[in-house]
Amino acid sequence: MTEDRRAEVLELGERLSEPPSTRLVDLAFGEELAAQRGLAEMVGWVDLAHTLCLAEAAVIPQAAGRELMGALMELQRAADFEPRAEFGDLYTNREAWLAQRTPAVGWLGVARARREALTTAYHLKLCDALCDLCDALTAAVDALSALSDRHKNSLMPDYTYLQAAQPTTFGHYLQSFAWPMLRDVERALALYARADQCPAGIGSANGSTLPQDRWRLATRLGFAGPVRHARDAMWMHDLAIEACAIASAAAINLSRLAEDLIIFASAEFGFVRLADQHSRASKIMPQKRNPFALAFVRAIANRLIGAQAGVSATGRTPSGQMDNRLYVYDAAPDALTAAANAALLVAECLNGLSFSPARAAQALADRSVCASDLAERLTAETGIDYRRAHGAVGRLVTQLEAQGRSLAGALPEELVAALRHAGVDLEGATSAAILNSALDPTSCVAARTGFGCAAPEEVAAMAGELGATARERREEIAKLRARRKAAIDALFAEARVFVEGRA
Numbered sequence: 001m002t003e004d005r006r007a008e009v010l011e012l013g014e015r016l017s018e019p020p021s022t023r024l025v026d027l028a029f030g031e032e033l034a035a036q037r038g039l040a041e042m043v044g045w046v047d048l049a050h051t052l053c054l055a056e057a058a059v060i061p062q063a064a065g066r067e068l069m070g071a072l073m074e075l076q077r078a079a080d081f082e083p084r085a086e087f088g089d090l091y092t093n094r095e096a097w098l099a100q101r102t103p104a105v106g107w108l109g110v111a112r113a114r115r116e117a118l119t120t121a122y123h124l125k126l127c128d129a130l131c132d133l134c135d136a137l138t139a140a141v142d143a144l145s146a147l148s149d150r151h152k153n154s155l156m157p158d159y160t161y162l163q164a165a166q167p168t169t170f171g172h173y174l175q176s177f178a179w180p181m182l183r184d185v186e187r188a189l190a191l192y193a194r195a196d197q198c199p200a201g202i203g204s205a206n207g208s209t210l211p212q213d214r215w216r217l218a219t220r221l222g223f224a225g226p227v228r229h230a231r232d233a234m235w236m237h238d239l240a241i242e243a244c245a246i247a248s249a250a251a252i253n254l255s256r257l258a259e260d261l262i263i264f265a266s267a268e269f270g271f272v273r274l275a276d277q278h279s280r281a282s283k284i285m286p287q288k289r290n291p292f293a294l295a296f297v298r299a300i301a302n303r304l305i306g307a308q309a310g311v312s313a314t315g316r317t318p319s320g321q322m323d324n325r326l327y328v329y330d331a332a333p334d335a336l337t338a339a340a341n342a343a344l345l346v347a348e349c350l351n352g353l354s355f356s357p358a359r360a361a362q363a364l365a366d367r368s369v370c371a372s373d374l375a376e377r378l379t380a381e382t383g384i385d386y387r388r389a390h391g392a393v394g395r396l397v398t399q400l401e402a403q404g405r406s407l408a409g410a411l412p413e414e415l416v417a418a419l420r421h422a423g424v425d426l427e428g429a430t431s432a433a434i435l436n437s438a439l440d441p442t443s444c445v446a447a448r449t450g451f452g453c454a455a456p457e458e459v460a461a462m463a464g465e466l467g468a469t470a471r472e473r474r475e476e477i478a479k480l481r482a483r484r485k486a487a488i489d490a491l492f493a494e495a496r497v498f499v500e501g502r503a
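Residue numbers (UniProt numbering): 1 to 503.
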């Protein structure tokens with residue numbers, strides 16, 4: 001019986017005279033099926049909508065349609081359905097299961113190729129994965145927003161080239177990763193709008209001579225509408241590339257934050273402490289708490305960069321080839337899922353993160369981070385151009401460094417001498433006042449009141465904006481999910497009515 005079913009769904013004795021080789025089954029069929037397993041539930045939805053629409057159009061006879069629909073409903077609930085590579089891909093595995101139960105299975109493939117069912121399910125899967133990524137990213141934005149608001153007054157050095165650069169706050173620093181996350185959400189929602197177009201009802205790639213209501217199919221599956229061009233619907237590859245690019249971009253931003261926090265959590269910095277639940281002990285060095293969760297986020301980013309390259313490479317085929325789909329059915333949704341998991345892990349790490357004001361203050365103690373503030377203050381107070389002010393402060397820092405001293409210990413007369421070398425005369429009292437104000441990190445940060453800058457009140461305002469935008473995006477995503485769920489619920493209700501002969 002198994003061999004009969006296998007022969008039927010693999011077209012043996014018709015177009016093919018011998019079964020596929022064991023190697024072909026184990027290797028090619030096996031990998032193809034593995035990439036499609038995640039589409040199983042959604043292929044079922046597509047089959048239900050396809051059967052309903054063609055029965056309505058009298059393409060499928062009513063009696064056969066009801067019998068086929070009943071078997072499809074049973075398959076959707078079946079716990080014993082386990083696809084096997086010997087039966088081919090997911091579509092032909094479903095066909096073989098149905099063939100055991102009804103001869104009406106012969107109508108399942110009318111007016112469509114198997115890849116139509118799989119591609120439509122793939123669009124549905126992609127939409128779900130995009131929603132999951134958006135939800136995860138907004139959770140990370142929430143964590144950053146809350147933590148940044150709590151630390152809007154927590155001073156620390158900002159770094160360029162891993163050298164202390166300017167004074168900032170931990171809150172302002174954290175927010176620099178939240179805005180890219182919101183842009184990732186915007187990118188994901190834009191892709192959702194493109195993926196939310198239904199490929200179904202296109203025959204093989206150019207349409208069918210049998211009547212199909214593509215708008216009705218799209219509505220039943222909760223899509224915004226059908227893909228405009230039939231051949232594009234079947235063979236488009238750009239959505240997969242875009243999905244992997246979005247996943248990669250999101251993961252890289254998360255990885256940058258993770259890498260910074262790994263550095264800041266090290267004994268050499270000690271600015272932050274990762275919770276024990278996000279750390280892992282060394283098996284050889286008893287003193288170590290390894291930031292494993294953050295390192296894992298970096299590993300996800302590394303993998304997704306490769307996934308993007310791989311998916312892009314699969315598109316470099318003649319347009320009507322199957323190899324641009326062979327791995328994409330799971331590669332693109334899996335990339336989005338991996339990025340979502342990274343975002344959720346980062347959010348969890350942030351919620352358990354602690355900050356050490358004392359260690360951050362130590363890093364600010366030599367006041368080197370205030371050098372540019374001192375140069376700006378000299379420009380404002382004396383009227384000299386910034387180039388000359390920059391040179392004077394640079395000379396002062398060099399002289400202090402040669403003496404084993406820091407900017408924190410600079411004397412007013414030393415500043416006067418540095419300025420005199422730049423052709424500027426400054427009174428000692430004025431230089432003392434400038435040094436006192438310019439070398440105070442709290443005053444430096446408080447003075448940065450521009451739009452988007454580090455002053456605490458501006459950080460607080462941005463924290464509020466981040467939280468509000470994250471809420472708006474979550475509400476938008478919830479509406480998209482609700483629309484799809486309502487459509488699928490209605491589809492199953494229609495299918496039950498049809499099977500019972502009430503339609």
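Think of the CB as a built atom: it goes at the ideal place given N, C-alpha and C, for glycine as much as any other residue.
Q. To which residues of the same chain is LEU90 closer than 8 Å at the C-beta, ignoring the five residues directly before and after it?
A. LEU33, GLN36, ARG37, LEU39, ALA40, VAL43, PRO83 and LEU118
Take residue 541 as the anchor and find which of ALA358, ALA79 and GLU116 has the nearest alpha-carbon. Absent from the structure is residue 541, since the part of the chain shown begins at 1 and ends at 503.
If you drop the 5 nearest sequence neighbours on each side, which residues of the same chain put their C-beta closer than 7 Å to that of THR317? ASP323 and ASN324
Following the continuous alpha helix (DSSP H) through ASN219, name the residue where it begins and the one where it ends. Per the sequence shown, the amino acid found at residue 219 is Thr instead of Asn. Segment 214 to 220, the alpha helix (DSSP H) holding THR219.
Point to revise | Opposing strand residues paired with VAL272 [DSSP bridges] | key: PHE355
| said: So, under 8 Å CB-CB, ALA455 and ALA446 are touching, yes? Tell me the CB distance rounded to an integer number of Å. | reply: 6 Å
Excluding the 5 residues preceding and the 5 following ARG194 in the sequence, name in chain order all residues of the same chain whose CB lies nearer than 7 Å to its CB. LEU239
Quick check: PRO441 and LEU364, are their CB atoms within less than 8 Å of each other? yes
Quick one: residues in its chain with C-beta nearer than 7 Å to the C-beta of GLU259, no 5 flanking neighbours on either side, listed in chain order?
-> ARG298
request  = Flag this pair as yes or no: are the beta carbons of ALA85 and GLY171 separated by less than 8 Å?
outcome  = no
With respect to the alpha helix (DSSP H) encompassing LEU90, which residues constitute its N-terminal and C-terminal limits? 90 to 99
Which listed residue (GLY450, ALA295, ARG280 and PHE264) has its alpha carbon closest to that of LEU162 = PHE264
Range covered by the alpha helix (DSSP H) that runs through LEU378: 371 to 382
CYS198 versus LEU124 - alpha carbon distance = 9 Å
Curious, which full-length alpha helix (DSSP H) runs of at least 4 residues does the region 117 to 203 contain?
170 to 195
>> Under DSSP, the alpha helix (DSSP H) around TRP235 begins and ends at which residues?
In response: 230 to 235
*asked:* Taking only three categories from DSSP, how would you classify LEU419?
replied: helix
Below 8 Å, how does it come out for the region 240 to 254 and the region 143 to 160: are there three or more Cβ pairs, yes or no?
no
- Can you tell which of PHE87, ASP489 and ALA460 has the C-alpha that lies nearest to the C-alpha of TRP45? ASP489
So that I know if they touch, is there some Cβ in chain C lying closer than 8 Å to that of CYS370? This model lacks chain C altogether; it includes just one protein chain.
Suppose contacts are defined by Cβ-Cβ distances below 8 Å. Is ALA331 in contact with ALA307 by that definition?
yes
Residues that ASN290 bridges to, as DSSP identifies them: ARG280
Q: Compare the beta carbon distance of ASP196 and ALA224 with 8 Å and say whether it is the shorter of the two.
A: yes
Of the residues SER21, ALA139 and ALA205, the one placed nearest ASN341, counting alpha carbons only: ALA139
Compare the beta carbon distance of ALA338 and LEU294 with 8 Å and say whether it is the shorter of the two. no
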